[in-house]
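Visitor: In the numbering used here, the protein residues as written are 1 to 70. Just passing along the structure, written as structure tokens.
See below:
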């Protein structure tokens, strides 16, 4: 993804979350019923990090090997 340097990570994430939420609501209308109390599908939090130029295959393998919550 190429993003202009003037776009802050928080604005980028908010935009991506908003677009994906609208698409999910359109494609899966039943989601709204399950999340009606909060009126939103996602939390306000996010994580942004860098990988120092590691190849995508190395990053993917690292993520896949992480422990999942029980």
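Backbone N, C-alpha and C fix where the C-beta goes; we use that ideal spot for every residue, glycine too.
Using DSSP with H/G/I as helix, E/B as strand and the rest coil, what is residue 30?
Guide: Against the chain shown, residue 30 aligns to sequence position 30. Residue 30: helix per DSSP, three-state reduction.
Visitor: Tell me the DSSP secondary structure of residue 11 in three-state form.
Guide: Your numbering for residue 11 matches position 11 in the chain shown. Note: residue 11 maps to helix in three-state DSSP.
Visitor: Give the secondary structure of residue 71 by DSSP, where H, G and I count as helix, E and B as strand, and everything else as coil.
Guide: Only positions 1 to 70 of the chain appear in the structure, and residue 71 is not among them; the question remains open.
Visitor: Is any heavy atom in the ligand ADP found nearer than 8 Å to the beta carbon of residue 21?
Guide: The ligand ADP is not part of this structure, which contains no ligands at all.
Visitor: Could you compute how far the alpha carbon of residue 60 sits from the alpha carbon of residue 30?
Guide: Looking up residue 60 in the chain shown gives position 60. Looking up residue 30 in the chain shown gives position 30. Taking the straight line from one Cα to the other gives about 31 Å.
Visitor: Does the separation of the CB atoms of residue 21 and residue 46 fall below 9 Å?
Guide: Stepping through the chain shown from its first residue, residue 21 is reached at position 21. Stepping through the chain shown from its first residue, residue 46 is reached at position 46. No.
Visitor: Does the separation of the CB atoms of residue 42 and residue 17 fall below 9 Å?
Guide: Numbered from 1 along the chain shown, position 42 holds the residue referred to as residue 42. Numbered from 1 along the chain shown, position 17 holds the residue referred to as residue 17. Their beta carbons are under 9 Å apart, which means residue 42 touches residue 17 by this criterion.
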